[in-house]
């Protein structure tokens, strides 16, 4: 049995889909292809690099192309061996198989039609639409937990932490304190401007978490030594559970949702038009 990294797993539904694709296509890879880089062969069937690139998601391929190719190749070999053994044993001629293939083919054709419709008529969502939706449904957007803006300073020495803390207390700008003392300057500056859910701050039970529930706004925590580095935090702002998030917090979510809804609406209108056209042509009867 072949075991693979779950991140690159194509077993399960992907293996079944691959077998179905082979059957529906009549195993079009039969015989050595004239062009393309060959990756594997089972009997008279060949797998090419081009086929792998067409079928492996781009983000998976970019993450580790060798693992992606190896995973797809192994799944293809397993699927092809099963397919060929089933063909030799007459599985394709069974009534049960033919009925499943007929339904599967109809389902694939329907899905391809919908995909082509959306490719030919791409949907778009404007900033105005996102803003209008937010304003109309603002009451539905509620924070489920406390969100905090936190300044987190990590220094190499205890003295640097003490100096950084004293500078903040004396009114020295945050940017200047980070520039002078922080080890991770970019991270400190970027994260300090973001509202972050309290549950996402200091994961893995970091001792710094214990300060979040007891500190007030602008208060600075004691210095803690962790992994040979020195840490302290300052909460600069908070939003309580039950408050409404700002528009920019949920813009991406609204944009994605509106995009999906527009796609659904376009497909629904397309299908309704097809039904009306079929009715006009007397192609539909109900008995």
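Numbering (this note's numbering), first residue to last: 13 to 299.
Ideal Cβ placement from N, Cα and C applies to all residues, glycine included.
Small disclaimer: the values here were computed from a predicted structure and weren't measured.
8 Å Cβ cutoff met for residue i and residue j
i: residue 54; j: residue 96; result: yes
i: residue 137; j: residue 270; result: yes
i: residue 246; j: residue 166; result: no
i: residue 213; j: residue 206; result: no
i: residue 146; j: residue 286; result: no
i: residue 49; j: residue 60; result: yes
i: residue 189; j: residue 181; result: no
i: residue 106; j: residue 279; result: no
i: residue 249; j: residue 235; result: no
DSSP state of residue i mapped onto helix, strand, coil
i: residue 230; result: coil
i: residue 156; result: coil
i: residue 279; result: helix
i: residue 249; result: strand
i: residue 58; result: strand
i: residue 53; result: strand
i: residue 77; result: helix
i: residue 41; result: Note that residue 41 scores 49 on pLDDT, short of 50, meaning its location in the model is unreliable; the coordinates nonetheless yield the value given after this. Three-state DSSP puts residue 41 in coil, outside helix and strand.
i: residue 298; result: coil
i: residue 182; result: coil
Proximity winner among the options, relative to residue i (alpha-carbon distances)
i: residue 139; options: 157, 262 and 289; result: 262
i: residue 134; options: 289, 277 and 285; result: 277
i: residue 197; options: 215, 67 and 176; result: 176
i: residue 208; options: 155, 90 and 236; result: 155
i: residue 153; options: 249, 254, 212 and 80; result: 254
i: residue 172; options: 291, 290 and 244; result: 244
i: residue 148; options: 185, 256 and 231; result: 256
i: residue 88; options: 98, 123, 72 and 64; result: 64
Close beta carbons around residue i, own chain, < 8 Å, minus the five adjacent residues each side
i: residue 203; result: 162 and 164
Cβ neighbours of residue i in the same chain (closer than 6 Å, five flanking residues each side left out)
i: residue 85; result: 51 and 52
i: residue 252; result: 158
i: residue 170; result: 242
i: residue 274; result: 135
Cβ-based neighbour list, residue i, same chain, cut-off 7 Å, excluding 5 preceding and 5 following
i: residue 227; result: 233 and 247
i: residue 267; result: 137 and 142
i: residue 194; result: 165, 166, 167 and 200
i: residue 68; result: 80 and 84
Requested in this report: Any chance you could list the alpha helix (DSSP H) runs of at least 4 consecutive residues sitting entirely within the region 190-243, in chain order?
Outcome: For the region 190-243, the full-length alpha helix (DSSP H) segments reaching 4 residues or more read 197-204 and 221-224 along the chain.
Query raised in the report: Which runs of the alpha helix (DSSP H) spanning at least 4 residues fall entirely within the region 97-180, listed in chain order?
Result: If we require 4 residues or more, the alpha helix (DSSP H) runs fully inside the region 97-180 come out as 107-132 and 139-148.
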